[in-house]
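In my numbering, the protein residues as written are 92 to 206.
Okay, here's the thing in structure tokens:
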């Protein structure tokens, strides 16, 4: 799998908290979530989210996208409270950012939460 190969190469050349490590983690995490393999996806998505939050801060599109990916996995696992917190934070950012695609996707994820 190419995502795993990319992560293995990153392990060899980048420090653990390097921002470029987050993207293949998110890509693989989203794929695993879509396959129902949330147990494998969750640690990858949490690590990628933490990297982006620490390196880019919460008021950044890439951080908000990482939050959405993590939230989607949490929804699949039934961890709705934490997912809702992440999504509400992303929603606030995307309302300011005015990217209609990201805003629509975040609202769609929020709609999957139980009322």
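Beta carbons: idealized from backbone N, C-alpha and C, even for Gly.
Beta-carbon spacing of residue i, residue j below 8 Å
i           : j           : result
residue 117 : residue 136 : yes
residue 157 : residue 183 : no
Cα-Cα separation between residue i and residue j, rounded to whole angstroms
i           : j           : result
residue 159 : residue 178 : 6 Å
residue 174 : residue 161 : 8 Å
residue 197 : residue 107 : 28 Å
residue 130 : residue 191 : 31 Å
residue 186 : residue 200 : 15 Å
DSSP three-state assignment for residue i, whether helix, strand or coil
i           : result
residue 108 : coil
residue 206 : coil
- Query: Which whole runs of the alpha helix (DSSP H) in the segment 122–156 are 4 residues long or more, in chain order?
  - Reply: Runs of the alpha helix (DSSP H) inside the segment 122–156: 129–147.
- Message: Suppose only complete runs of 4+ residues qualify. What are the alpha helix (DSSP H) ranges in the segment 160–204, listed by chain order?
- Response: Fully enclosed alpha helix (DSSP H) runs of 4 or longer: 171–188 and 191–202.
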